[in-house]
Amino acid sequence: MSGFSSRTGFSRTWNALSQALAQRQAQGLPWIDLTVSNPARVGLSTLDPGLLATPGALTYEPDPLGLRSAREAVVAYLASRGAAIHAEHLLLSASTSEAYAWLFKLLCEPGDNVLVPAPSYPLFEHLARLEGVEVKPYRLPRAHGFGLDVGAVAAARDARSRAVLVVNPGNPTGHFLHEGELTALAGLCAETGLALLSDEVFSDFAWAPEPDRVPTVAGRPLPMLTFSLSGLSKVAGLPSLKLGWTHVGGPPERRDEALARLEWVADTFLSVGTPVQRALPAILAQHVPRFQTALLERVRENRRQLVSARPRGASWDVVPAHGGWSAVLRIPLAPGEEAMCLALLDAGVGVQPGYFYDFAGGAFLVLSLLPPPEVFRTALGTLTAVLAG
Ligand SMILES: Cc1ncc(COP(=O)(O)O)c(C=O)c1O
Numbered sequence: 001m002s003g004f005s006s007r008t009g010f011s012r013t014w015n016a017l018s019q020a021l022a023q024r025q026a027q028g029l030p031w032i033d034l035t036v037s038n039p040a041r042v043g044l045s046t047l048d049p050g051l052l053a054t055p056g057a058l059t060y061e062p063d064p065l066g067l068r069s070a071r072e073a074v075v076a077y078l079a080s081r082g083a084a085i086h087a088e089h090l091l092l093s094a095s096t097s098e099a100y101a102w103l104f105k106l107l108c109e110p111g112d113n114v115l116v117p118a119p120s121y122p123l124f125e126h127l128a129r130l131e132g133v134e135v136k137p138y139r140l141p142r143a144h145g146f147g148l149d150v151g152a153v154a155a156a157r158d159a160r161s162r163a164v165l166v167v168n169p170g171n172p173t174g175h176f177l178h179e180g181e182l183t184a185l186a187g188l189c190a191e192t193g194l195a196l197l198s199d200e201v202f203s204d205f206a207w208a209p210e211p212d213r214v215p216t217v218a219g220r221p222l223p224m225l226t227f228s229l230s231g232l233s234k235v236a237g238l239p240s241l242k243l244g245w246t247h248v249g250g251p252p253e254r255r256d257e258a259l260a261r262l263e264w265v266a267d268t269f270l271s272v273g274t275p276v277q278r279a280l281p282a283i284l285a286q287h288v289p290r291f292q293t294a295l296l297e298r299v300r301e302n303r304r305q306l307v308s309a310r311p312r313g314a315s316w317d318v319v320p321a322h323g324g325w326s327a328v329l330r331i332p333l334a335p336g337e338e339a340m341c342l343a344l345l346d347a348g349v350g351v352q353p354g355y356f357y358d359f360a361g362g363a364f365l366v367l368s369l370l371p372p373p374e375v376f377r378t379a380l381g382t383l384t385a386v387l388a389g
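Quick note: the sequence shown uses the UniProt record's numbering, first residue 1, plus one each step.
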């Protein structure tokens with residue numbers, strides 16, 4: 001359509017699943033939502049609203065990088081995860097998604113590209129497109145537990161590639177970045193000038209200890225420009241508060257230039273609200289430990305239920321993973337992902353097909369592990385029956 005930019009020419013057609021769900025809802029039929037990603041919707045993240053009523057909550061003294069006191073709180077949070085960093089190298093934004101938009105502006109000319117993992121969270125394509133940037137997928141091999149294969153990153157790269165995105169742990173695949181993978185990736189980035197964007201929003205949600213797991217790249221002496229992204233949306237289960245952070249690292253001269261330019265970008269928007277910045281020290285110190293303990297307990301319990309619900313010799317499998325909020329099932333190729341999702345919805349359980357996340361080489365379903373265990377158990381009864389045909 002003329003008069004609008006091609007960047008906003010998104011396809012708005014409904015897929016068969018969203019149509020079926022709308023129909024079910026219009027008929028008033030109940031369903032169990034195994035696609036839920038907001039912990040607040042399943043009783044997991046309730047913040048004491050009093051925490052937001054700090055002195056100075058309504059005083060407007062903007063700092064483009066974010067209030068110093070808020071950045072110091074992120075320094076303390078990351079220190080407790082083993083990262084020694086400085087508040088001068090942190091930048092606050094309204095969300096991780098906004099930080100991606102700022103980083104694409106920082107690193108890319110229109111028409112440049114960024115390398116993104118596949119399968120993965122689908123928003124990157126939209127975020128990049130809105131900045132006039134293309135995404136080039138690199139495959140996470142299933143044979144390698146959906147871990148990073150630096151050869152696949154190198155093969156996806158071309159002369160217009162500016163950055164590589166790593167989601168640690170993968171969403172929904174739940175594979176953490178390991179030391180050996182980071183070393184290999186750092187070698188490629190140093191050789192080719194790629195920056196590293198490390199999405200660490202699920203990094204606190206490891207289900208069990210794992211040797212060589214990289215919890216964050218923040219504070220690591222790496223040879224390339226490095227951006228570590230996270231925020232309250234996942235760390236605190238509070239997407240409504242709208243606060244994310246980016247740590248900038250790498251060779252000092254490049255890092256400082258990146259920070260100076262990002263400060264300019266952030267100053268153009270000043271998008272983070274003051275009340276949440278003032279409340280951040282208390283949110284990170286008081287709310288986050290409670291929330292994460294409850295969430296991990298629930299996710300581990302649901303995962304345990306899922307694994308033990310699989311009948312011996314079943315035609316489907318639970319894909320091995322080490323963290324995150326989701327589970328991936330590998331299902332038979334026939335009748336296919338969409339037909340299986342429609343059959344499940346018809347039986348009252350909503351799940352996502354693997355193609356939403358660009359899975360390849362098989363058929364997959366993605367399930368949220370967030371619902372209350374008794375609800376999840378009921379859904380598993382339906383799931384195992386429908387999968388058994
Ligand atoms: C891997 C990953 N990164 C980033 C985000 C977006 O987080 P935010 O709410 O901070 O924009 C999500 C949200 O689901 C996600 O799954």
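Quick reminder that beta carbons are idealized off the backbone N, C-alpha and C, glycines included. Nothing here was measured: the structure is a model prediction, and the numbers come from that model.
Counting only the Cα atoms, residue 261 lies some 31 angstroms from residue 149. Residue 228 has 198 and 247 as its beta-bridge partners, per DSSP. Leaving aside the five residues that flank residue 213 on each side, the residues in its chain whose CB is nearer than 6 angstroms to its CB run, in chain order, 176. A direct Cα-Cα distance of roughly 43 angstroms separates residue 236 from residue 2. With the rule of 3 Cβ pairs closer than 8 angstroms, the stretch 292 to 302 counts as touching the stretch 201 to 218.
Rounded to the nearest whole angstrom, the C-alpha separation of residue 24 and residue 165 is 37 angstroms. Pairwise C-beta distances place the stretch 331 to 338 out of contact with the stretch 304 to 313, as fewer than three of them are shorter than 8 angstroms. In the DSSP assignment, residue 117 forms a beta bridge with 138. Secondary structure of residue 208 (DSSP, three-state): coil. Counting the other CB atoms within 10 Å of its CB gives residue 245 a total of 16 or more, which places it among the buried residues. Sixteen is the threshold: when 16 or more other Cβ atoms of the shown chains lie within 10 Å of the Cβ of residue 325, as they do, the residue is buried. Within 10 angstroms of the beta-carbon of residue 180 lie fewer than 16 other beta-carbons, which makes it exposed. In this structure, residue 96 has its beta carbon less than 7 angstroms from a heavy atom of ligand 1. The residue among 340, 282, 199 and 254 with its C-alpha nearest the C-alpha of residue 55 is 282. DSSP, reduced to helix, strand and coil, places residue 11 outside both helices and strands of the structure shown, so it counts as coil. Proximity of the stretch 191 to 205 to the stretch 213 to 223 meets the contact definition, three or more beta-carbon pairs being nearer than 8 angstroms. Under DSSP, residue 161 takes part in a beta bridge, and its partners are 113.
For residue 199, the CB falls within less than 7 angstroms of some heavy atom of ligand 1. When the five nearest sequence neighbours on each side are left out, the beta carbons in the same chain lying within less than 8 angstroms of the beta carbon of residue 322 are those of 169, 174, 175, 176, 206, 207, 208, 210 and 213, in order along the chain. Separation of residue 256 and residue 113 (C-alpha to C-alpha, rounded to the nearest whole angstrom) is 23 angstroms. Separation of residue 178 and residue 247 (C-alpha to C-alpha, rounded to the nearest whole angstrom) is 20 angstroms. Classified as buried, residue 199 has 16 or more neighbouring CB atoms from the shown chains inside 10 Å of its CB.
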